[in-house]
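The listed protein sequences correspond, in order, to chains Z and V.
Quick note: the first sequence uses the numbering used here, first residue 1, plus one each step.
Quick note: the second sequence uses the numbering used here, first residue 1, plus one each step.
Beta carbons are placed, not taken as given, at the ideal position from N, Cα and C, and that holds for glycine.
The structure appears below as structure tokens.
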Amino acid sequence: MPSKKLKREIKRWNQKNEKQKSREKKVKLKREEEYKQIRKKKTTTILTLLNPKNLQKEVHIYGYHFSEFTHALTIVLVLLACAGVGILFELHVYCIVFITVVAMCILPLFILDMFHRMYEQKRFAQAGQYVEQILYSFKHKQKIYAALYDCLLVFEDGLMKDKMKEAILYIDTGKTVTDRGILREALDIIEEAFPNDKIRNANQLLVSVEERGGEYEESAKLLLEDNNQWIRRGYGLQADKKQRHLEVTFSIITSIILCAAVLYSLNWMGNIADMQKHFNIFQYSIIQTTSCIFIIFLLFVYYKSSKTLTNDWLASHVLEKEKLLLSSYEYVIRYKESKAQKKSILYAAPIIPCIIPVYLFSYKWICIPLFILSCIFLFQHKIGYFIAKQSVVRQLYLSFPQWLMDLALLLQNNNVFVSITKSQKQTNIILQKELEKLLIRMQENPNRINAYTEFCKEFDIPEIYSCMKMLYSIAESGTGNVNQQIQELLMQMNEMEAKAEEIENEHIKFKMEKIFFYPIAAVCLKMSFDMSFGMILMISSFQSVFIGG
Amino acid sequence: MDQILKAFTGLVLLFVNFFLCISVVIACEKRVDADEFKSFVVSELENSNFNDNVISACKNQAQENGYELVIDKAVYDQENDMILANVKLNYTYVIPLLGLNETKMVQGVAR
């Protein structure tokens, strides 16, 4: 049974957690309302962006200047590109005008997106630099104020420098608004502008060291290592995305060339087949219309591909919506094979008896879809379970290393139980649920290894299993070789992060590959249509050799 | 870039195959057309009893259709009238993708 002191500590932490949760809920609601307002504005924004002055203002928000000359030059280039493509496909004037109008409507969004991308990349670089710089600066004097001041000298003018100045000024005023302390509130100014786990962890460490003191070198080293890896991963992903975008661009250009080549070749073949009159496939309105749709589609594909380059690099990775994730988690936890199987048999029961009479008395081919449908119904529980489990596992691979990092930092000053309780509030919903269960098990049977190894046992993740075993040994051995064990724990975390990175990269790669295949799908459709149409025209012209008078 | 090569190689091959097939079909159709036109000329010559006006009209029509028509007067009867003519029709056999551009001939005899 846990001691009274421990119980009091848990109670105090639970109360703190509840306060924090209610604060976070308020912030979340506020953000949701802001998001709704942004969405309302979005439709009007697209129209207003057509005005060059509004576009310049929007670009200015990101801290860049978009001159009128550059805007005019971009418009001229777009017009030339539209005219060029129109001439290549021998489009009628009204088709070219239509394509140009669509391109002109997309252009402001495209420009804005480009600056947004640059802004996000700059923010990412600044966030990484901040974590590195503030931790190194803090080592000299162990004072946040001095560290912020040192950092100011290193940063160029921009959002980060402004926020750091604000934070210094806030400390200078010496007035607090809440009971969290002046340092915490000052650093909140930076965290609000750069909402990121790395910055939050670094700030947390600085505040706790300045307020409570203690050994922090190892924790700072861990944070720096983590930050370096995060920066490397971020830049790697950016480079990968750029490469994919380049591939999509080449894919679009090749699609246009291939499609035009098909039309010109058909025209050429048509002229060989038909010597009586001049054959021109471009004159047919159906070819004009499909070419027009094809070009506009490619325009949107290019815009979509360019949009995927824009990311909030500071945001932590969440693969699916929280509700969906939670429902998947609940499904896996509550899953009972026999019960689910009975349900599946019940679903498939009305279809299976129909297959034989249909085969005997009706069209035999209907049996194939019926058979497939019955198979799907029969195994729907397994399919559903597999999908739900996979989505939770993917999210666990992303969230667990982040939680482990928090835990490793907390373990420097707390015991395992308190560290887990403290780390609970900063994880995602699935880990929160699992941690709740873990804490209950720890309270009931603190000395049994099962209390730890049953953590996420439904998801069969070997890395989590070995980490939990290590946590158990830390809890059991007390503080003797904690540092060494934490190092091992962090090595495990690094391995998991590498795996998580692989999963995340695969996910992004899949998304980008999907876009890469859009132009190919479009060119396949357009080519098959043009070829079929051209062949029909040529076959009809075979009878045109003039015989007799 | 590897992806682009992989994805578009299939499409380009499809494109080349399609045009190769179409070229062969067109070339065969040209052969059939030429044969049909030659038969038409033979029957015209026979029906008109080798009339010079009809011969020149046939030659004009052949030229309009892109053929080269050669009519060799071959055998004459005792009254020095033509009773047999060799009709040679030259047409082009083109398969552009294979670089084939030959002039072929169909011939027949009008009696």
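Note down, in chain order, all residues in the stretch 82-103 of chain V with a beta-carbon under 8 Å from any beta-carbon belonging to chain B. Among the protein chains in the structure shown, which are Z and V, there is no chain B.
Reference TYR335/Z, options ILE355/Z, GLU192/Z, GLY384/Z, closest by Cα: GLY384/Z
Partners in chain Z for PHE15/V, counting only beta-carbon separations shorter than 9 Å: LEU258, ALA261, VAL262, SER265, MET527, MET531
Cα separation between ALA261/Z and GLU90/Z? 12 Å
Residue span of the alpha helix (DSSP H) that contains LEU91/Z, given as start and end: First-last for LEU91/Z: undefined, no H or E at that position.
From the DSSP output, in three-state form, read off ASN414/Z for me. coil
Could you check which residue in ILE520/Z, CYS467/Z, LEU411/Z has the C-alpha nearest to that of LEU222/Z? LEU411/Z
In whole angstroms, what separates the C-alpha of ASP240/Z from that of GLN126/Z? 21 Å
Is SER56/V close to chain Z? Criterion is C-beta to C-beta, closer than 8 Å. no
Interface residues of chain V facing GLU247/Z [CB-CB closer than 8 Å]: MET1, GLN3, ILE4
Compute the beta-carbon to beta-carbon distance between ILE420/Z and LEU438/Z, rounded to the nearest angstrom, for a pair I have assumed lies under 8 Å. 7 Å
Within the chosen definition, does the stretch 110-120 of chain Z reach the stretch 56-72 of chain Z through at least 3 CB pairs nearer than 8 Å? yes
Check GLU454/Z in the structure and name its three-state DSSP category. coil
DSSP three-state assignment for SER108/V, whether helix, strand or coil: Reading the sequence as shown, one finds Gly at residue 108/V and not Ser. The answer is strand: DSSP assigns GLY108/V an E or B state.
Look at the Cβ atom of LEU89/V, then the Cβ atom of LYS38/V, and state whether they are nearer than 8 Å. yes
Just to confirm the assignment, what range does the alpha helix (DSSP H) spanning ALA335/Z have? Checking the displayed sequence, the identity of residue 335/Z turns out to be Tyr instead of Ala. No alpha helix (DSSP H) contains TYR335/Z, which DSSP labels as neither H nor E.
Are the beta-carbon atoms of VAL94/V and ALA110/V separated by less than 8 Å? no
When DSSP labels each residue in this structure, what does ALA349/Z get in the three-state scheme? coil
Residues bridged to ASP72/V (per DSSP): ASN86/V
Please classify VAL16/V: is it buried, with 16 or more other beta-carbons within 10 angstroms of its beta-carbon, or exposed? exposed
Classify ASN196/Z as buried or exposed, calling it buried when 16 or more other Cβ atoms lie within 10 Å of its own Cβ. buried
Within 8 Å, do at least three Cβ pairs link the stretch 158-167 of chain Z to the stretch 226-234 of chain Z? no
If you measure between the beta carbons of TYR518/Z and VAL358/Z, is that distance less than 8 Å? no
Using the C-alpha atoms, what's the distance from ILE296/Z back to VAL78/Z? 13 Å
If you draw a straight line from the C-alpha of LEU326/Z to the C-alpha of ARG394/Z, how long is it? 13 Å
Roughly how many whole angstroms lie between the Cα atoms of GLY234/Z and LEU266/Z? 48 Å
Taking C-beta pairs closer than 8 Å, name the residues in chain V that VAL250/Z reaches, listed in chain order. Checking the sequence shown, residue 250/Z turns out to be Phe, not Val. In chain order: MET1, ILE4.
Looking at the structure shown, is VAL97/Z part of a helix, part of a strand, or coil, going by DSSP? helix
Looking at the structure shown, is VAL177/Z part of a helix, part of a strand, or coil, going by DSSP? coil
At a CB-CB cut-off below 9 Å, which residues of chain Z make contact with ALA62/V? Simply none; closest approach about 10 Å.
Can you tell me whether ILE503/Z is helix, strand or coil according to DSSP? helix
What whole-angstrom Cβ distance do ALA167/Z and LEU187/Z have, given they're in contact under 8 Å? 6 Å
Beta bridge counterpart(s) of TYR93/V as assigned by DSSP: GLU102/V
Partner residues on chain Z for ILE26/V, Cβ-Cβ distance less than 9 Å: MET269, ILE272, ALA273, MET538, PHE542
Within the 8 Å Cβ cut-off, does ALA110/V reach chain Z? no
Going by the beta-carbon positions, is the gap between ILE387/Z and SER374/Z smaller than 8 Å? no
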